[in-house]
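Worksheet for the structure shown next.
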Amino acid sequence: MGNANWKQNQQGGYLSYHINVTYLGNEEPKYHVLKNPDGDGWVIGVFNSLIGGEYVPLEETGEELMIFPTVEEAKNYIDVK
Numbered sequence: 001m002g003n004a005n006w007k008q009n010q011q012g013g014y015l016s017y018h019i020n021v022t023y024l025g026n027e028e029p030k031y032h033v034l035k036n037p038d039g040d041g042w043v044i045g046v047f048n049s050l051i052g053g054e055y056v057p058l059e060e061t062g063e064e065l066m067i068f069p070t071v072e073e074a075k076n077y078i079d080v081k
């Protein structure tokens, strides 16, 4: 099931067009859900304007990377947050 608030990009990740931040006068998606580059599952990136507008991994307290088994679980984590 697709969520109209999330748009898939060319790399297969999903961007949160319903939750945005302003960067250099433009609205940018705050979250990017993408395949875990280090293995199984999906991770969430958070837009960080302090490092040139790149996405950095969302970490729980203790600097532990949050990995979700499915893309829908990762998107739902953001949507209900």
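Throughout the sequence shown, residue numbering follows full-length UniProt numbering, covering 1 to 81 in sequence. Cβ atoms here follow ideal geometry from the backbone N, Cα and C, with glycine treated the same way.
Alpha carbon to alpha carbon, how far is Ile-44 from Leu-34? 6 Å
Assign Asn-20 to one of three DSSP states: helix, strand, or coil. strand
Range of the contiguous alpha helix (DSSP H) that encloses Lys-75: 71-80
Neighbourhood of Phe-68 by C-beta distance below 7 Å, restricted to the same chain and skipping five residues each side: Gly-41, Trp-42, Ala-74 and Tyr-77
Tell me the DSSP secondary structure of Ile-51 in three-state form. helix
Assuming Pro-29 is part of the beta strand (DSSP E), what are its boundary residues? The continuous beta strand (DSSP E) containing Pro-29 extends over residues 26-29.
Could you round the C-beta distance between Lys-30 and Ser-49 to whole angstroms and report it? I think they count as a contact, below 8 Å. Lys-30 to Ser-49, Cβ: 10 Å. No contact.
Which of helix, strand or coil DSSP assigns to Pro-37: Secondary structure of Pro-37 (DSSP, three-state): coil.
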